[in-house]
Each structure stands twice: as C-alpha cells, then as structure tokens.
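Some notes on the structure that comes next.
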Amino acid sequence: MTSSVIQPGDIGEVAVIGLGLMGSGIAELIARSGRRVDAIEINQSFLDQGMARLHASLDKAVSRGKLTDTARDEILARIRPTDDVSAGVADADLVIEAIPERIELKKALFAQLDEACRADAILATNTSSLSVTEIAGGTRYPARVAGLHFFNPAPVMKLVEVISTVLTPPEIAETLALLSRDLGKTPVGVSDRAGFIVNALLLPYLNHAVHLLETAQATREDIDKAATAGLGLPMGPLTLLDLIGLDTCLAVLETLQDEFGGTRYVHAPLLRKLCDAKLFGRKSGRGFYDYRRQSTVADHELAPVPGEVALIRERDGRLDELASQITAAGIGVVPQPSDETGLVIVAADPRHRVLDAALAAGHPAEVVGVHFAAAGNAKPGLAELVLPDVTAAGTAAKAAALAARIGLNAVVSRDRPGFLIEALAYAQFNDAVRMFQDGYASPADIDTAMMLGCGYPRGPLQMLDEAGAANVVGVLEAMHAATGDPAFTPVPLLAEYATAGNLFRAGAEG
Ligand code: NAD
Numbered sequence: 119m120t121s122s123v124i125q126p127g128d129i130g131e132v133a134v135i136g137l138g139l140m141g142s143g144i145a146e147l148i149a150r151s152g153r154r155v156d157a158i159e160i161n162q163s164f165l166d167q168g169m170a171r172l173h174a175s176l177d178k179a180v181s182r183g184k185l186t187d188t189a190r191d192e193i194l195a196r197i198r199p200t201d202d203v204s205a206g207v208a209d210a211d212l213v214i215e216a217i218p219e220r221i222e223l224k225k226a227l228f229a230q231l232d233e234a235c236r237a238d239a240i241l242a243t244n245t246s247s248l249s250v251t252e253i254a255g256g257t258r259y260p261a262r263v264a265g266l267h268f269f270n271p272a273p274v275m276k277l278v279e280v281i282s283t284v285l286t287p288p289e290i291a292e293t294l295a296l297l298s299r300d301l302g303k304t305p306v307g308v309s310d311r312a313g314f315i316v317n318a319l320l321l322p323y324l325n326h327a328v329h330l331l332e333t334a335q336a337t338r339e340d341i342d343k344a345a346t347a348g349l350g351l352p353m354g355p356l357t358l359l360d361l362i363g364l365d366t367c368l369a370v371l372e373t374l375q376d377e378f379g380g381t382r383y384v385h386a387p388l389l390r391k392l393c394d395a396k397l398f399g400r401k402s403g404r405g406f407y408d409y410r411r412q413s414t415v416a417d418h419e420l421a422p423v424p425g426e427v428a429l430i431r432e433r434d435g436r437l438d439e440l441a442s443q444i445t446a447a448g449i450g451v452v453p454q455p456s457d458e459t460g461l462v463i464v465a466a467d468p469r470h471r472v473l474d475a476a477l478a479a480g481h482p483a484e485v486v487g488v489h490f491a492a493a494g495n496a497k498p499g500l501a502e503l504v505l506p507d508v509t510a511a512g513t514a515a516k517a518a519a520l521a522a523r524i525g526l527n528a529v530v531s532r533d534r535p536g537f538l539i540e541a542l543a544y545a546q547f548n549d550a551v552r553m554f555q556d557g558y559a560s561p562a563d564i565d566t567a568m569m570l571g572c573g574y575p576r577g578p579l580q581m582l583d584e585a586g587a588a589n590v591v592g593v594l595e596a597m598h599a600a601t602g603d604p605a606f607t608p609v610p611l612l613a614e615y616a617t618a619g620n621l622f623r624a625g626a627e628g
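Note that my numbering gives residue 567 to position 449 of the sequence shown, counting from 1, and the numbers run on in steps of one.
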C-alpha cells in the first residue's frame, strides 16, 4: 500500500457491497452527498431488490416534499448498480462492505477485494460485532481495513462508529471520521472490541429484559412501558429486540460472550427458544409480539375499587401526593389497615423488599408497594406497583383498578430489588462505567453514542449522575445480594465515584 492516505475530499467514488437493509441506505446516503456509488450485489435478483428499496426510499422523500424530482434523478444517476464485485470496486476510493454478519463470508470477500481494489483504496466493514482485525488479517494490506458502523436506518441515524484496529494508521481513522461528518453524521472513534460502544451496552440490556420476562417479573407490555414511560427511551426492549431481529441479537450476544465471558452476556434461554422456533421478530411476523394480526388489547374488566385504602406514610412525604389523589377520587384513606381496608399501600424502595413492610403492616396479603420512577426520568409519573409474592391474587387487580381511577400511569412488578426501571437501567449504567473504567471510551463518547445510535434522550452516564452514584450502587448491591449474579456487582470505579461524590458528566448540560 502507498504511504499517502486518501483525504476525505478525494473520496469521489464509493463502492457499497451488499444492498440489503443497511447497504441500500448507505448507498443512498453517499449518493446524496454528491459522490459516485458502485452498488454491488451477489446476483441480479438481489441487485434488483436492493435498487428497488433504494428507489422506494427516494420516492418517499419526493412524495413528502423533502426532495425534488430532479434531485432524485441526479442521485440515481450517480449510482451504478452491478453484480460484478471486481469490476464494481476497481476504481473506488473507498469500499464499504455490508454483507451478512458471518465471518467466513466477510473474509472471503475481503480476500477478493485485495486483488480487485486499487492499492490505495480504503476498505471498511459495517460489521456490528465481528472482529475487524480478523477481517483485516486475511488481506495483504491489513492496515487499510477499518470499521465504519452505521445504524439502522442509515440515512436517518446520526451515529457512525469508526473502528480502528491495532494496525490502522490514525490518518485513515481521521479520513473516515471527516467523511462521516461530511455525510451529516457524528463519528465516534473506537478501537476494535466486540460490540464497540453501542451494541456492547445495548445487547446485555435487551437480554436482561428477556430474563425479567421469563422469570415472570412483569408482563412484556409492562417491561416495555418501564423503558418508554419510565426512562424516556423511544422503544421498549422487547419491541426493539423484535425490530433488530432475535437471531441477530443472539449472534451478537454470543460474540460478546466469547470476548468478555462472565454472566452478563449469557443469552436468556427464552431468546434461544424463540430463535429455534424461527420467531425472529418483525421480519418473520412474530417474536415477543405477533405482527401478523392487528393486536386487540383485551378490555378486561377492572376489579371494584376498594372503598377504603390504608396508606402507610413515610416521614419523607413520598406518598403524600398519592394520598391527596386518592382522597380527591372520593376514596377513604386511613393511616393503618383495619378490617374494612381493601388495600394497604406502602412506599417501595428498590433496595429493599416490600415483603418486610408488608409483614410489618400486619395485612401482608393486601399490601402493594408503590415506587415512583427516579432513574433519570425527565417527567416523573410512572408508578411501579410492587407485589410481594405473599400478596393475595385479587390485590394486584384492586391496585390496578385504583391506579386507573386516579389516573396513575403504572406498571406492575414482582418484589425483586430494582423492580423494573432501576433493574434495567442501573445494570446498563454499571456496564457503561465499566466501559469507561476499562479505558475503552470516554463518558462523553458513551453518552453521544447511545443518544445518536439508540435515540436515548440523555446518555446513560448523564442519567446515572442524575440518579446519584450512591443510589445506583445501593440498588445494584441489593440486586447482587438477591440474585447472586456477579454481573450486578457495582464496578470499582462506580463505587469510587459514589464514595467521592463525583459526577461522570461534570459540566455536561442537563
Ligand atoms: P441483509 O441481510 O439485509 O443484507 C445483506 C446483503 O448482502 C444481502 O442483500 C445479500 O444478498 C448481500 N450479499 C451477501 N453476500 C454478498 C457478496 N459476497 N457480495 C455482494 N453482496 C452480498 O443484512 P443487513 O441487516 O443489511 O446487515 C449487513 C451488515 O450490516 C451486517 O454486517 C450487519 O451486522 C451490519 N449492521 C446491521 C444493522 C441492522 O440493524 N440490520 C445495523 C448496523 C450494522
């Protein structure tokens, strides 16, 4: 390879290989930037499908008034479709590979590119989790191979992870970062490690949600609602798993498990079972949800609202507002349960079992714990109704009826530390701190990556600061004690920050 590295301004022609979900979007994005694109598929039939997807996307932009007919025609004129890889890449300054996530396919393709590309061309892979170093290792000029990881849909999502191997010269990473900016993206540079930033944080969180579902912690709807209404995320984890594809998620978890070991990436058995049954999510019509028919939300009858509720107040006034809401709805509120009381409400703390408060209240079968989300939530308002296992069968229904009567947005959780919102969020915050502690990425890059790659309203470390490191450590320790799972042990740096009262995003805008 020649010593001079192509400058971003010199990248006039880009070959995109594989016009599937990602490649067609990447080809569109690059052609929109004024560059010529060689759009390459494995055969004419896949080429037609890929180009049809690209045409449809541009037509949609025209029909929405975001693109003129002339601009669409100019973009299409810059795209040269071909099913001949060698001819397609011959003049390219940059090649972006977006073929399926299988190492043997990628290695075979890169060996072919070695022969067919110009010696000074940069070769980039869009892999989500495979080793860029291994892909590069099979080529004659491994130093020119890097990762350029776009997010789905590529024309829309703002993040690009630029991945350098130990052999990548800084100039190549710099060229790819500048090109990403020119495409309107925000690049984040990282070294070659399984899952890079986003998938290494996202996949264990998604897997954790599957564990919560299969251990009957909550319904699938409530697990998803905890993430959307409780954390402000654009989509719940089970819906997101269905969107990405359960088979893809399983493959990425396996790569993470191979690289990092431990318990955090061991896939939930239910994930494997759904994959074995070919229930891959949206693309196969069914995953955690069924997409083949319009879901009809059963209008189940609510239980009668209790006439009197005992509300055991805390000195800190946490339940005062709830008491006023219940009274305003015409329901009697008493400070201690009597034989007339239909429901006993106690304040639930994600670090402690509600069971102990339920036993102390004297009527454990009628007890429900209430906890208001505080995990970095912009609009507090989601209540977690927490049910100890000794609760009578009808208590959950009475609590749900009461919540509906007073207009309380609520989810129901079993009595396990962290309940739903903190369990999901704090375990991910711990992973994010570990990533910073390991020297892999800065807190600002971690937060940027999760905001631009996954649509988080604020990054996990910003949310951790808002929740308070000491509080997060307390909940994680309780989760660890209850499950014995070492993955929930607070990482040393988090414990240090909690002790010192430090912020991970000091100076970041709230
Ligand atoms: P896809 O299955 O939709 O598309 C892959 C395309 O590559 C297919 O059209 C196939 O015909 C074509 N192909 C296969 N072998 C080829 C070859 N030798 N030459 C030319 N074309 C070939 O897959 P996808 O979801 O677009 O994923 C592609 C890559 O992008 C994977 O590495 C994946 O991990 C990564 N990625 C996917 C997503 C996502 O959300 N799907 C997000 C980011 C990155």
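The beta carbon of each residue, even a glycine, is placed where N, CA and C say it ideally should be.
As the structure is a prediction and not an experimental result, all values here were calculated from the model.
- When DSSP states are grouped into helix, strand and coil, Arg154 belongs to the strand group.
- Relative to the Cα of Ile524, the nearest Cα in the group Leu570, Leu477, Gly450, Gln555 belongs to Gly450.
- Per the C-alpha coordinates, the member of Ala421, Ile463, Pro422, Asp457 positioned closest to Asp438 is Ile463.
- Beta-bridge analysis with DSSP links Leu526 to no other residue.
- Here Lys391 is exposed. Its C-beta has fewer than 16 other C-beta atoms within 10 Å.
- Taking the Cβ of Gly130 as the reference point, every heavy atom of ligand 1 lies at 7 Å or farther away.
- For Thr607, there is no enclosing alpha helix (DSSP H), as DSSP marks it with neither H nor E.
- DSSP places Gly450 within a strand segment (E or B) once states are collapsed to three.
- In terms of Cβ geometry, Thr283 and Val328 do not form a close pair [threshold 8 Å].
- In this structure, the CA atom of Arg552 is about 6 Å from the CA atom of Val609.
- Sixteen is the threshold: when 16 or more other Cβ atoms of the shown chains lie within 10 Å of the Cβ of Asn548, as they do, the residue is buried.
- About 6 Å separates the beta carbons of Leu594 and Tyr544, which is inside the 8 Å limit, making them a contact pair.
- A direct Cα-Cα distance of roughly 29 Å separates Thr337 from Pro455.
- The three-state secondary structure of Thr366, taken from DSSP, is helix.
- Relative to ligand 1, even the nearest heavy atom lies 7 Å or more away from the CB of Glu614.
- Runs of the alpha helix (DSSP H) lying entirely within the segment 547-618 and spanning at least 4 residues, in chain order: 561-572, 578-585, 587-601, 610-618.
- Rounded to whole angstroms, the Cβ separation of Val370 and Asn317 is 5 Å, and the two are in contact under 8 Å.
- Looking at the DSSP output, Phe406 bridges to nothing.
- Ser175 sits in a helix when the DSSP states are folded into three classes.
- In the DSSP assignment, Arg532 forms a beta bridge with Leu505.
- Pairing Ile221 with Ile135 gives a Cβ-Cβ distance that is not under 8 Å.
- Annotation: the continuous beta strand (DSSP E) that includes Ile240 extends over 240-243.
- Positions of the beta strand (DSSP E) runs, each at least 3 residues long and wholly inside the segment 204-251, are given as 212-215, 240-243 in order along the chain.
- According to DSSP, Thr333 shares a beta bridge with no other residue.
- Pro305 sits close to Val280, with the two beta carbons spaced by under 8 Å.
- Less than 8 Å divides the Cβ of Ile158 from the Cβ of Gly206.
- Ligand 1 never approaches Ala208 closely enough for any of its heavy atoms to be under 7 Å from the residue's Cβ.
- For Gly512, the shortest C-beta to heavy atom distance toward ligand 1 is 7 Å or greater.
- A straight-line Cα-Cα distance of about 23 Å links Leu520 and Arg433.
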